[in-house]
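Student: In this text, residue positions in the sequence shown follow this note's numbering: the first is 1, and each later residue adds one.
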Amino acid sequence: MQNIVVFGASGQLGQCLKKVSAEKNISSIIFPPETEANILDTDAISKVFEQYKPAYVINCAAYTAVDKAEDDVEMARKINKTGAANLAQACKQYNAVLVHTSTDFVFKGDKPYPLIETDAADPISVYGLTKLEGEQDVVGILPQHFIIRTSWLYSEYGNNFVKTMLKLGAERDELKIIADQVGTPTYAIDLAAAILDIITSGSEEFGIYHYSNEGVTSWYDFAKGIFDLSATQVKAYPIRTSEYPTRATRPAFSVMDKAKIKTTFNIQIPYWRDSLITCLERLSPPAP
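What follows is the structure, given as structure tokens:
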């Protein structure tokens with residue numbers, strides 16, 4: 001198989017791609033360290049392309065500190081917009097396909113139905129805006145792209161909501177969790193598998209796709225699932241967004257419709273709670 005190069009390899013999704021590619025016996029996937037593959041360094045990008053001559057590039061690099069981005073606009077835009085454009089330009093020059101990950105935060109979140117790829121993007125945060133700008137640059141530069149929007153990403157790697165809830169649940173007697181923001185968790189292992197399935201299919205059905213796990217839930221219900229399935233003894237109380245103000249505004253309803261990716265690539269998507277069980281099992285230390 002032709003080479004696949006992953007940028008942002010040390011992040012949560014990058015580490016999941018390492019695990020899944022090993023399980024799928026995909027040996028032609030390369031994970032260069034960020035010191036050699038900085039998406040803001042065009043010379044470094046060119047060296048990576050010259051060395052590995054990838055047919056596919058997966059961009060996992062992103063500025064994802066949603067609240068911090070409100071005050072760090074320049075850096076968020078550099079990574080999420082300029083970095084994406086740099087990779088798209090290199091892919092165009094070297095005739096490679098770009099798989100670029102994006103987010104449900106490109107939507108305002110005021111529609112009461114699952115969002116399809118052609119619904120109008122209208123971000124309400126700097127993070128969402130810069131990710132949308134990155135999408136637009138990729139589309140404008142490179143026809144051979146798969147842009148995959150995802151949501152509420154978690155896994156056994158990196159920092160994420162599941163690991164935070166397990167930590168806080170073990171430390172505290174009670175927690176207050178937002179119940180009026182609704183979406184779908186995504187197990188990053190499942191997303192990694194979907195990305196690799198798209199690449200290995202050899203499909204040229206380029207464009208924007210939505211991927212999250214199946215189902216609909218709130219942050220409160222997601223947390224309750226984490227606590228119940230892990231037998232974490234903590235009382236969880238639902239609160240409104242207005243009771244927990246944050247620097248960045250989040251979409252109130254960002255459930256995404258996955259019909260396009262399922263139909264195009266014949267991908268089976270697990271239910272969010274089933275994937276959560278798998279992740280919690282992998283996070284639990286083995287019994288002595």
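Even glycine gets a Cβ: it sits at the ideal position worked out from N, Cα and C. Computed from a predicted model, the values in this text were never measured in an experiment.
Mind checking residue 156: buried by the 16 CB within 10 Å criterion, or exposed?
Tutor: Flag for residue 156 reads buried.
Student: Nearest CA to the CA of residue 226: which residue from 187, 204, 26, 18?
Tutor: If we check each option's Cα against that of residue 226, 187 comes out closest.
Student: Going by other Cβ atoms of all chains shown within 10 Å of its Cβ, with 16 needed for buried, is residue 170 buried or exposed?
Tutor: Residue 170 is exposed by the Cβ-count criterion.
Student: Hey, out of 195, 81, 168, 221, whose CA is closest to residue 268's CA?
Tutor: Checked all of 195, 81, 168, 221; the closest Cα to residue 268 is 195.
Student: At 3 residues or longer, what runs of the beta strand (DSSP E) sit wholly inside the segment 206 to 265?
Tutor: Counting only runs of 3 or more, we get 207 to 210, 235 to 239.
Student: Straight-line CA distance for residue 257 to residue 114?
Tutor: Approximately 5 Å, taken between the alpha carbons.
Student: Go through its chain and collect everything with a Cβ distance to residue 13's Cβ below 6 Å, but skip five positions before and after it.
Tutor: Answer for residue 13: 60, 188, listed in chain order.
Student: Tell me which same chain residues have a C-beta within less than 6 Å of the C-beta of residue 109, skipping the five on either side of it?
Tutor: Only 251, 252, 253, 254 meet the Cβ criterion.
Student: Which class does residue 25 belong to by DSSP, given the choice of helix, strand or coil?
Tutor: It is coil, neither helix nor strand.
Student: Using the three-state DSSP reduction, which class does residue 172 fall into: helix, strand or coil?
Tutor: Residue 172: coil per DSSP, three-state reduction.
Student: Can you list, in chain order, the residues of its chain whose CB lies under 7 Å from that of residue 193, leaving out five sequence neighbours each side?
Tutor: Around residue 193: 20.
Student: Tell me, which residues are paired with residue 56 by DSSP?
Tutor: According to DSSP, residue 56 bridges with 4, 97.
Student: Tell me which residue opens and which closes the alpha helix (DSSP H) that residue 141 is part of.
Tutor: That run of the alpha helix (DSSP H) goes 126 to 141.
Student: Could you please give the first and the last residue of the uninterrupted beta strand (DSSP E) stretch that includes residue 148?
Tutor: Segment 145 to 150, the beta strand (DSSP E) holding residue 148.
Student: Let's test the definition: count the other Cβ atoms within 10 Å of the Cβ of residue 102 and tell me whether it reaches 16, buried, or not, exposed.
Tutor: Result: buried.
Student: Quick one: using the 10 Å Cβ neighbour count with 16 as the cut-off for buried, is residue 9 buried or exposed?
Tutor: Buried.
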